[in-house]
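S.K.: So the sequence shown is numbered by the working numbering: it starts at 916 and just counts up by one. From the three backbone atoms N, C-alpha and C, an ideal C-beta is built for every residue, glycine too. Computed from a predicted structure; not experimentally measured.
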Amino acid sequence: MPTTDGWPARGIRPHRDQFGPASAGGYSPRRPGTDAEHHLAVPGGPRSGSVRGHGAPSPGDLIFPAVARLELDELLAQLVDRAQDVLSTQGRLRGLLRANRVITADLSLDVVLRRIVESACELVDARYGALGVIARDGHLEQFVHVGMDPSMVEAIGSTPRGDGVLGLLTEEPTPVRLDDIADHPHAVGFPSGHPPMQGFLGVPIRVRNEIFGNLYLTEKRGGAEFTTEDEELVLALAANAGVAIDNARLFGEAQHRQQWSQASADITRHLLADGDDPLELIVRRAGNVARADTSALALCDPAAGALSFDVADGHDADRLRGRHVPMDASLAGRAVRERAPLVVGDARSLGGSEVDGLDVGPIMIVPLIASQVTSGALFLGRRRGSGLFSDEDLELAAAFAAHVALALELARTRAARGRLSLLEDRDRIARDLHDHVMQRLFAVAMGLQGLAASEERTARAERMNTYVEDLDETVREIRQTIFELRGRSTPATGSGLRAKILGIIDDMADAFGFTPRLHLDGPVDSAIDAAVGDHLVAVVRETLSNAARHAQAHAVEVTVTAADGRVSAEVVDDGVGMGPTTRRSGLANLRSRAEGLGGTFVIEPGPHGGTRVRWSVPTS
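#1: Three or more C-beta pairs under 8 Å: does that hold for the stretch 1466-1482 against the stretch 1424-1444?
#2: Just to confirm, are P1256 and M1279 a CB contact at a threshold of 8 Å?
#3: For L1512 versus T1458, is the C-beta spacing smaller than 8 Å?
#4: Let me make sure I understand the geometry here. Which of S1507, L1451, A1478 has the alpha-carbon closest to that of V1486?
#5: Excluding the 5 residues preceding and the 5 following A937 in the sequence, name in chain order all residues of the same chain whose CB lies nearer than 6 Å to its CB.
#6: Between F1141 and R1238, what straight-line distance do the alpha-carbon atoms span, to the nearest angstrom?
#7: Nearest by alpha-carbon distance to G1114: which of D1064, A1205, E1146, E1168 is it?
#8: Can you give me the C-alpha to C-alpha distance between S1321 and D1306, rounded to a whole angstrom?
#9: Under 8 Å between the Cβ atoms of R1029 and V1059?
#10: What does T1133 pair with, by DSSP beta-bridge criteria?
#11: For T1328, count neighbouring Cβ atoms within 10 angstroms of its own Cβ and tell me buried if that reaches 16, exposed if not.
#12: Using a threshold of 8 Å, state whether the C-beta atoms of D1488 and G1428 are closer than that.
#13: Where does F1315 sit, in a helix, a strand or coil, going by DSSP?
#14: Taking just the CA atoms, how far does G1044 sit from C1036?
#15: Have a look at the DSSP bridge pairing and note the partners of M1279.
#16: How many angstroms separate the CA atom of I1018 from the CA atom of G1157?
#17: Where E1519 and L1502 are concerned, what is the direct C-alpha to C-alpha distance, given to the nearest angstrom?
#18: Per DSSP, which one or two residues make a beta bridge with P1274?
#19: From R1355, I1416, S1369, pick the residue whose C-alpha is nearest to that of L1386; which is it?
#20: Under the DSSP definition of a beta bridge, which residues are partnered with H1450?
#21: I'd like the span of the beta strand (DSSP E) that includes V1058, first residue to last.
#22: Quick check on the burial criterion: 16 or more other C-beta atoms within 10 angstroms. Buried or exposed for G964?
#23: Would you list the one or two residues that DSSP bridges to F1127?
#24: Taking Cβ positions, are F1031 and L1130 nearer each other than 8 Å?
#25: For H1239, which beta-bridge partners are listed by DSSP?
#26: Roughly how many angstroms separate the alpha carbons of R1529 and A1509, rounded to a whole number?
#27: Residue range of the beta strand (DSSP E) that R1529 falls in?
#28: Quick one: give me the first and last residue of the alpha helix (DSSP H) that P1065 is part of.
#29: Residue ranges of each beta strand (DSSP E) run of no fewer than 3 residues wholly in the stretch 1410-1447, ordered along the chain?
#30: Run through DSSP, which three-state label would L1093 get?
#31: With 16 other CB atoms within 10 Å as the buried threshold, where does F1357 fall?
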């Protein structure tokens, strides 16, 4: 509140030793002690606002010494500076709060990392910023940067690995603030095309008390240096950034797990629904979910002691598909033998394995284990220079492989059950044919033979004998059908000699345009030695191949007979015959096979044109 002399109740008052007692109009001044004093008029006085010299002051004048006025100016300047500092600090705190809101506004890890760098640059007015994610080997596996245009980034080339000053934070995770980065002993210089940088501020980012990466800031705008306040602000931002990164990682992991689970469910549903090409679907879905550039499935071949990459997808799939690698000298074989997943950081260091010659860096191989059987391995690879597979990737891929292996085993079991049911039906039909139909045919044939014998040489007797021969031919065909029903499930899966010959017949159907007729007589599966059986299969295949290429036949009949300690294969066609050609390399091979086993080989014209080939050897 104002006083009677017009000055505020609070503020700076004149020194008491300079002024006399108060009067009704204000203070009565004393005589000044020196000429350096100034006389200020009291507001509201008769000469308010005037400054007197050495003349006598009026009763309304107020006199301040020069020293007090200088102190007042300094105090006011300090108050203004402090107010500006408070406003600046308040603005920077607002910037920190705004940065925290920005980095927590998204749950995508890549977006969060970039926003952290952008917010840090804006907070301390830095021209360039970057965030390096530390890999398991201590180097930087990801480098998110802002401030450089794309042409400059392309001119620099590869991203930093975390050497030099950047590696200080990895070795000792404490803040680093430098006035000139080039003066530091650990500085390694900049690559060609890199912009000049002097001021440097780096702080670590912790996620659950573990170092996730480092935040780098350089070149404060205006040529200023990074201050202690800048460091404190960036440390506060890094603490909040660690929480945002953790949330984004948890969200990403949850999404990744859901993708693997969905892929497993899709594969299982496809297999149980009798879907086509389940292996192709397995490889494609696994590659997509694992973010792999190359994916393949290596299946075990126990007989050969090797693994076969029958299915592949993605980059270099054509080069990997069809490769056969030994079980004891390959990465996939090692995973299958040890029944444990395998992760390799850089496949370039491996030579002679299944990845030889491929553009593959990090790889992950997971065996397909169901019960006590390992049927193969799932191969996943990324291009050179890509990020490594994490422990989470390995865990999820192993769970996916276990589900796939179980689904495949269930599908195989169901298919085997279906084949068993089919075989049981065929066996029942074969038993009925043998026990009922053939017995009745035998009885009819014997009755006709008896009637024919009682007749003298008449036309009726000849007709009866013809009927008997037809019945004998029918019996042979029924016997052949019985052998096929009992000894063959499918041409591709049968392991006996009959199944192999039937498989050849089916394979040659496309070459001829029709299916050759086959007769199998006698105990072909049981009476023929394994070595002789291999020769027999080769002879049938080569003979039919020659007929398909040269005979131009409309009908082909194959007869394989095992009787009296010998096996014979006879192939008859109705084609154009031998012809005048002199090339006999295939025939010479057939002859040498027969003579090597102590048998015979005959080639001659067929009974109704064409060619007849007969190959006969002992059964053992």
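M.R.: In short:
#1: yes
#2: yes
#3: no
#4: Closest option to V1486, judged by alpha-carbon separation, among S1507, L1451, A1478: L1451.
#5: Bear in mind that the predicted position of A937 carries a pLDDT of just 39, short of 50, making it unreliable; the figure below should be weighed with that in mind. For A937, where only same-chain residues beyond five positions count, there are no Cβ hits under 6 Å.
#6: If you draw a straight line from the Cα of F1141 to the Cα of R1238, it comes to about 58 Å.
#7: With distances taken between Cα atoms, G1114 lies closest to E1146.
#8: Looking at the sequence provided, one finds Leu at residue 1321 rather than Ser. Roughly 23 Å between the two C-alpha positions.
#9: yes
#10: Y1043, F1115
#11: exposed
#12: no
#13: Residue state, collapsed to three classes: helix.
#14: About 6 Å.
#15: V1258, L1295
#16: 10 Å
#17: Those two C-alpha atoms are separated by around 12 Å.
#18: Correcting the residue type first, residue 1274 is Asp in the shown sequence and not Pro. Answer by DSSP bridge pairing: none, since D1274 is not bridged.
#19: R1355
#20: According to DSSP, which records beta bridges pairwise, H1450 is partnered with nothing at all.
#21: Just to set this straight, residue 1058 is Phe in the shown sequence, not Val. 1055-1061 is the extent of the beta strand (DSSP E) around F1058.
#22: Here G964 scores only 42 on pLDDT, less than 50, and its place in the model should not be relied on; the value that follows carries that caveat. Looking at its Cβ environment, which holds fewer than 16 other Cβ atoms inside 10 Å, G964 is exposed.
#23: Answer is none; F1127 lacks a bridge partner.
#24: Per the sequence shown, the amino acid found at residue 1031 is Ile instead of Phe. Taking 8 Å as the Cβ cut-off, I1031 and L1130 qualify as a contacting pair.
#25: S1223
#26: Rounded to the nearest angstrom, the two C-alpha atoms are 10 Å apart.
#27: Counting along the chain, the beta strand (DSSP E) containing R1529 begins and ends at 1526-1533.
#28: 1065-1071
#29: Counting only runs of 3+ residues, the beta strand (DSSP E) found wholly inside the stretch 1410-1447 occupies 1432-1436, in chain order.
#30: strand
#31: exposed
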